[in-house]
Ligand SMILES: [Zn+2]
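Next comes the structure, spelled out in structure tokens:
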């Protein structure tokens, strides 16, 4: 059996490794117990840079249920804001195409545009939505809203809304006909103007749940609502109960 560790063994080992080593790790010879062996210095290690930044928090994936349309906001303009999930966290889009947009219009009792909805139409809808969100948040903080977002809302609100007409009985509203996407956005922008210029401006809340930053209008009599929906309040109550239960079981 060949002796392990003799000079020839290390020469073979070095010849196999030298192509993998940086130039500065030139092997040197050392004599140990009368034998010359190849000493392969450990390559210098550059210490990793000190990372003082906060570790990024991995956010949970968006579920199918979260992507479904939600109507917790309590007024038209904020229903539109709600179509983008979690503005300050995952920011996921609920209105991804024309079909979902038309479904949303149906749920909020807005007329269906007669023309097909283009990608540009959806982009304009999202611009108006972002403008409403930014202006509402600025007003809630007591700040002056940015002029570009104000101009966006005012621009759409200034467009002609769909005409209204009485039905054949003369006592009801004739369903909208020949409505355009621009007229629909005008209706939403007008609702934002009404909300922000009226008494409900001071009733715009953000849900108290940290996992549900939904903007909603508090229409409660006392004006002390903090949850966007009963399920949000119930979820926190359940979490607190479980936390208390877990704490007491460890005592
Ligand atoms: Zn909520």
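Residue numbers (my numbering): 3 to 253.
In this text, a Cβ means the ideal position worked out from N, Cα and C, and glycines have one as well.
Nearest-angstrom Cα distance between residue 193 and residue 224? 24 angstroms
Shortest alpha-carbon distance to residue 113 belongs to which of 237, 210 and 180? The residue with the shortest Cα to Cα distance from residue 113 is 180.
Just mark residue 134 as buried or exposed, buried being the case when its beta carbon has 16 or more other beta carbons within 10 Å. buried
Can residue 187 and residue 127 be called in contact, C-beta distance under 8 angstroms? yes
Which runs of the alpha helix (DSSP H) at least 4 residues long sit entirely within the segment 85-109? Give them in chain order. 100-109
Can you tell me whether residue 149 sits near ligand 1, meaning its C-beta is under 7 angstroms from at least one heavy atom of the ligand? no
Test item, CB below 6 angstroms from any non-hydrogen atom of ligand 1: 209, 211, 214, 216, 229, 230, 231 and 234
Taking the beta strand (DSSP E) that residue 143 falls in, what are its first and last residues? It is not in any beta strand (DSSP E) - residue 143 instead sits in the alpha helix (DSSP H) that spans 121-143.
Taking buried to mean at least 16 other C-beta atoms within 10 Å of its own C-beta, is residue 245 buried or exposed? exposed
Could you name the residues that DSSP lists as bridge partners for residue 208? Note: residue 208 sits in a beta bridge opposite 217.
If you draw a straight line from the alpha carbon of residue 99 to that of residue 168, how long is it in whole angstroms? 33 angstroms
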